[in-house]
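Below is one structure, written out as structure tokens; comments come after it.
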Amino acid sequence: MSSQSIVLAYIQSCTSGKLALSDCGPIWQMLVIVTFLLIAIAALVVLRLRVPSQDAKA
């Protein structure tokens, strides 16, 4: 088995309920980190679109 297959099998086991919730800690941590990263990127995009550029005022 390749390392990618092992990771995918681990994720499938966690999402299907074959593993205990405590055994799936790294998956949940990764999902929380990715979620916060996406929220931060979306907030930066919104702020960038709302603030008028300095060149437009000149």
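Residues in the sequence shown are numbered consecutively from 109, following my numbering. For glycine and all other residues, C-beta sits at the position ideal for the given N, C-alpha and C.
Integer-rounded CB distance, given that residue j should sit under 8 Å from residue i
| i | j | result |
| --- | --- | --- |
| residue 172 | residue 135 | Since the first residue of the chain shown is 109 and the last is 166, residue 172 is not available in this structure. |
Beta carbon of residue i nearer than 8 Å to that of residue j
| i | j | result |
| --- | --- | --- |
| residue 121 | residue 129 | no |
Cutoff 8 Å: residue i Cβ touching any chain D Cβ
| i | result |
| --- | --- |
| residue 113 | You won't find chain D in this structure, because it holds only one protein chain. |
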